[in-house]
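Chemist:
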Amino acid sequence: MPKPFSKIRSAAIDGRLHNPIYQKIQLKSLHDTLSQSLDELQRIIARDTGHSPAEVKLECWLALRCISEAYTAIDPAKALEDEYAIASRRDASDVREPVGIVVIEPTTHTFFYSLISALVPALAAGNCVLIQVEQSMLETPTFVLKLIQDALDDDILYISRIKVNTIDLAHRHLKVLQNGSPETTPLANEIVSRSNALVAAIVERDADIQEAAKALVMMRFSLRGKSPYAPDVVLVNEWVKKEFLMAVTQHSIRFMSDAGESGTNSRKFEGQGLLDEIVKEGFANVISAGHEGIILDIGNRCFTVLAVTSMDDAIDVSKGLGRLSAAYIFTSPTAAKYICQFVDSDLSFVNHVPTNLLFGPVAPENKPLDYSQGPRYPQVLFTVPKPQYITKPALISRIEALLTGAASPQLHKLDAEATMALPEMKRAERANGIGFFQQGVVTGGIVFLTAIVSATGGLCYCLVNKRRRELGPRYVSNIPALDTDASGESTYAKIIEAANPSHEYIKDGNIMVTIENDAVLSDFVHFYKANAQPKHIRAEDDRVVYLSQNDFGPSRDLRNGFLP
């Protein structure tokens, strides 16, 4: 085994950092050393990255805050109590021990904070640390590593500028790979950040457009647009795309002007084609060009917006990007629930963006992250469980009794307990009305039933009208006031009234009787005596006359034989 590794291997075997007091000493030394060189460190970071003063100070503040929080969380008295839990006849079910050696491969993005975010919890968990960093022309890695080396004991830290074969460590270890892993699935002893994963934002039509644009512009353009949590594409509902683009333009002015003042690439596009000017001025490099298109390597910040037609369209587009490292969703909580459920993303944020994640690496894959607390790596990731028990539970006592001499009734009792029926599951009644999909079914059902009812009504109307037309023409007239002086008319009218006194008007919808003069009714009556049909067509004027079978049918029974 190479000699340089022997020191940290020996320290890991000895458990040098298991002592909480020693942990606090090392963390305090690290905090003091970095604090004393903070001004110089900030100047170097600004030169290397071109970040704004606020961004540089925020990175340093997050790093030192990580150290101070880890230092404060270490409680030697509590650690001693947990260590002697068994001696005090108490179970220690939550005891954990350090992995041993932690190998860290930091990312170049916000190098200082990225390294500290993994180094500090590894040390606080009691591990020795090996930092693997490639040679670089930047000043920040060299300066930061020098400060860390000066602050920590040589036995617990080793820095390698070449690829380390972890087999040479010959001890249990854990690898923190902030630049990703060539393996499709992380190994059991790897904490991997998917550095190539994309980030998407979804802006629905009911979102607060101004707030969404402001938040996404800040995430896209902060830290010169190089944060792994900057949105790679924004999927905007086509109904609000124009409004969103106007808001983006408004909120991006500050970032554009800042870049123009501090950067060397302040340009004006005029006189030539936009593409030629982009390449000429150094905003992008041509990778491949042909008649069908061109491939560019864009070096500067780019805000990509794509219009979508619906939530489902946005979800489908996002799935085409692979599993996202984060999704920023701007819409109502009800719609956000649906999108969060079906979008393929490690993290989802609704109506806000995690600005603290701008600094540091991508959150480790398949590991819990409480982003509100800040640290990218919880201390528990660098430990393994080692529970200790002294209390015998009742279950163990019962099993022992059955194994050593169980009688037949006891065994039958086991079968009865094992086959006991489970209680019926009771579904809770819906508290908030119909659900999302049920609402669609109801809406579709209403439309369908409306069409069916309308069609049925129209069909019935047509059939009734057809039947009426088949019955022939009808002339509906009210019975005129009776002229009692006219003997013939009076006689006929009295017969009709006697048949159904309650009818002042002809009410049968299909049959008409008109009593306009004696000639009409007399002509009809004489014809009806010789014909079975209650219908007569006058020869003089083709007038059709009907008698209602329902309303005036009883007239047939009159003694005078007026009707047959």
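The sequence shown runs 1 to 564 under the UniProt record's numbering.
The beta-carbon is built from N, C-alpha and C at its ideal position, and this holds for glycine as well.
Taking the Cβ atom as the reference point for each residue, do residue 64 and residue 35 lie within a distance shorter than 9 Å?
Modeler: The residue you call residue 64 lines up with position 64 of the sequence shown. The residue you call residue 35 lines up with position 35 of the sequence shown. Cβ atoms of residue 64 and residue 35: closer than 9 Å.
Chemist: Is the Cβ of residue 342 closer than 9 Å to any Cβ of chain D?
Modeler: Included in the structure is just one protein chain, with no chain D present.
Chemist: I'd like to check one pair, residue 121 with residue 70: are the Cβ atoms closer than 9 Å?
Modeler: Reading the sequence shown from its first residue, position 70 is the one you call residue 70. Reading the sequence shown from its first residue, position 121 is the one you call residue 121. A contact, by the Cβ cut-off of 9 Å.
Chemist: Less than 9 Å between the C-beta atoms of residue 382 and residue 102, yes or no?
Modeler: By 1-based counting over the sequence shown, the position of residue 382 is 382. By 1-based counting over the sequence shown, the position of residue 102 is 102. Contact: yes.
Chemist: Under 7 Å Cβ to Cβ from residue 190, same chain only, skipping five residues before and after it: list those, please.
Modeler: Locating residue 190 in the sequence shown gives position 190, where the first residue counts as 1. Cβ within range, chain order: 175, 177, 181.
Chemist: Under 7 Å Cβ to Cβ from residue 245, same chain only, skipping five residues before and after it: list those, please.
Modeler: In the sequence shown, the residue the question calls residue 245 occupies position 245. Closer than 7 Å at the Cβ level, and outside the excluded window around residue 245, lie 305.
Chemist: Taking 8 Å as the threshold, find out whether the stretch 76-83 comes into contact with the stretch 47-61 through three or more Cβ pairs.
Modeler: no
Chemist: Going by other Cβ atoms of all chains shown within 10 Å of its Cβ, with 16 needed for buried, is residue 459 buried or exposed?
Modeler: Locating residue 459 in the sequence shown gives position 459, where the first residue counts as 1. When all chains shown are included, residue 459 counts as exposed.
Chemist: Considering residue 53, what are the terminal residues of the alpha helix (DSSP H) in which it resides?
Modeler: Along the sequence shown, one-based indexing puts residue 53 at 53. 53-73 is the span of the alpha helix (DSSP H), which, as asked, contains residue 53.
Chemist: Taking a contact to mean a Cβ-Cβ separation below 9 Å, would you say residue 386 touches residue 105 in this structure?
Modeler: Walking along the sequence shown from the start, residue 386 turns up at place 386. Walking along the sequence shown from the start, residue 105 turns up at place 105. No. Outside cutoff.
Chemist: Going by DSSP in three states, residue 42 sits in which element: helix, strand or coil?
Modeler: As a position in the sequence shown, residue 42 is number 42, starting the count at 1. Residue state, collapsed to three classes: helix.
Chemist: Go through its chain and collect everything with a Cβ distance to residue 588's Cβ below 7 Å, but skip five positions before and after it.
Modeler: The requested residue 588 is not part of the displayed model; the chain covers only 1 to 564.
Chemist: Assuming residue 363 contacts residue 345 (C-beta within less than 8 Å), just tell me the rounded distance between them.
Modeler: Position 363 of the sequence shown holds residue 363. Position 345 of the sequence shown holds residue 345. With 8 Å as the limit, residue 363 and residue 345 do not qualify as a contact, their Cβ atoms being about 11 Å apart.
Chemist: Would DSSP call residue 452 helix, strand or coil?
Modeler: Looking up residue 452 in the sequence shown gives position 452. Note: residue 452 maps to helix in three-state DSSP.
Chemist: Using a threshold of 9 Å, state whether the C-beta atoms of residue 197 and residue 324 are closer than that.
Modeler: Position 197 of the sequence shown, counting from 1, holds the residue named residue 197. Position 324 of the sequence shown, counting from 1, holds the residue named residue 324. Yes, Cβ-Cβ distance for residue 197 and residue 324 is below 9 Å.
Chemist: Measure from the alpha carbon of residue 338 to the alpha carbon of each residue in 358, 313, 357, then state which is nearest.
Modeler: Within the sequence shown, residue 338 is the residue found at index 338, counting from 1. Per the Cα distances, 313.
Chemist: Using a threshold of 9 Å, state whether the C-beta atoms of residue 115 and residue 223 are closer than that.
Modeler: Within the sequence shown, the letter at position 115 stands for residue 115. Within the sequence shown, the letter at position 223 stands for residue 223. No; because the gap between Cβ atoms is not below 9 Å, this pair is not in contact.
Chemist: Determine, using beta carbons only, whether residue 236 and residue 353 come nearer to each other than 9 Å.
Modeler: To locate residue 236, count along the sequence shown from 1; it is residue 236. To locate residue 353, count along the sequence shown from 1; it is residue 353. Going by C-beta atoms, residue 236 is not nearer than 9 Å to residue 353.
Chemist: Is residue 229 closer than 9 Å to residue 218 when the C-beta atoms are compared?
Modeler: Against the sequence shown, residue 218 aligns to sequence position 218. Against the sequence shown, residue 229 aligns to sequence position 229. Cβ atoms of residue 218 and residue 229: not closer than 9 Å.
Chemist: Quick one: Cα of residue 398 to Cα of residue 94, how far?
Modeler: As a working mapping, residue 398 is identified with position 398 in the sequence shown. As a working mapping, residue 94 is identified with position 94 in the sequence shown. CA-to-CA, the gap between residue 398 and residue 94 works out to about 25 Å.
Chemist: Return the CA-CA distance between residue 384 and residue 99, expressed in angstroms with no decimal places.
Modeler: In the sequence shown, residue 384 corresponds to position 384, counting from 1. In the sequence shown, residue 99 corresponds to position 99, counting from 1. Distance between the alpha carbons of residue 384 and residue 99 is about 6 Å.
Chemist: DSSP three-state call for residue 400: helix, strand or coil?
Modeler: Here residue 400 refers to the residue found at position 400 of the sequence shown. The answer is helix: DSSP assigns residue 400 an H, G or I state.
Chemist: Any idea if residue 513 is buried or exposed, counting beta-carbon neighbours within 10 angstroms, 16 or more meaning buried?
Modeler: Stepping through the sequence shown from its first residue, residue 513 is reached at position 513. For residue 513, the predicted structure reports a pLDDT of 49, less than 50, and the residue's modelled location is therefore unreliable. A value from the coordinates is still provided. Buried, by the Cβ-count rule.
Chemist: Can you look up residue 189 in the DSSP assignment and give me helix, strand or coil?
Modeler: Position 189 of the sequence shown, counting from 1, holds the residue named residue 189. It is coil, neither helix nor strand.
Chemist: Please check the pair residue 41 and residue 123, which I expect to be a contact at CB under 8 Å, by giving their CB distance rounded to whole angstroms.
Modeler: What you label residue 41 is simply residue 41 of the sequence shown in a count that begins at 1. What you label residue 123 is simply residue 123 of the sequence shown in a count that begins at 1. In fact, because the Cβ distance is near 19 Å, the residues do not count as touching under 8 Å.
Chemist: Please report the straight-line C-alpha distance between residue 461 and residue 451, rounded to a whole angstrom.
Modeler: Position 461 of the sequence shown, counting from 1, holds the residue named residue 461. Position 451 of the sequence shown, counting from 1, holds the residue named residue 451. Answer to the nearest angstrom: the Cα atoms are 15 Å apart.
Chemist: So is residue 565 buried or exposed if we call it buried at 16+ other beta carbons inside 10 Å?
Modeler: Limits of the chain in this structure are 1 at one end and 564 at the other, which puts residue 565 out of reach.
Chemist: Threshold first: 3 residues or longer. Then list the beta strand (DSSP E) segments lying entirely within the stretch 91-146, N to C.
Modeler: Counting only runs of at least 3 residues, the stretch 91-146 fully encloses the following beta strand (DSSP E) elements, listed from N- to C-terminal order: 96-98, 101-105, 128-132.
Chemist: As an exercise, report each continuous alpha helix (DSSP H) stretch of at least 4 residues that is fully enclosed by the stretch 203-257, in chain order.
Modeler: Qualifying alpha helix (DSSP H) stretches, in chain order: 209-221.
Chemist: What does DSSP give as the partner residue(s) for residue 383 in the beta ladder?
Modeler: As a first step, residue 383 is located in the sequence shown; it is residue number 383 there, counting from the start. Residue 383 pairs with 98.
Chemist: Check residue 86 in the structure and name its three-state DSSP category.
Modeler: Walking along the sequence shown from the start, residue 86 turns up at place 86. Three-state DSSP puts residue 86 in coil, outside helix and strand.
Chemist: Is DSSP giving residue 358 helix, strand or coil here?
Modeler: To locate residue 358, count along the sequence shown from 1; it is residue 358. Helix, per DSSP.
Chemist: Less than 9 Å separating the beta-carbons of residue 56 and residue 45?
Modeler: As a first step, residue 56 must be located in the sequence shown, where it is residue number 56. As a first step, residue 45 must be located in the sequence shown, where it is residue number 45. Taking 9 Å as the Cβ cut-off, residue 56 and residue 45 qualify as a contacting pair.
Chemist: Using only alpha-carbon positions, find the residue among 360, 373, 26, 109 that is nearest to residue 597.
Modeler: Within the shown structure, residues of the chain are numbered from 1 to 564, placing residue 597 beyond reach of any answer.
Chemist: Give me the Cα-Cα distance between residue 270 and residue 216, rounded to the nearest whole angstrom.
Modeler: For the purposes of this step, residue 270 is taken as residue 270 along the sequence shown, with counting starting at 1. For the purposes of this step, residue 216 is taken as residue 216 along the sequence shown, with counting starting at 1. With a pLDDT of 40 at residue 270, under the threshold of 50, the modelled position of that residue is not reliable, and the figure given next carries that caveat. Computed Cα separation, rounded: 29 Å.
Chemist: Residue range of the beta strand (DSSP E) that residue 175 falls in?
Modeler: Within the sequence shown, numbered from 1, the residue matching residue 175 stands at position 175. Annotation for residue 175: the continuous beta strand (DSSP E) segment containing it runs 173-177.
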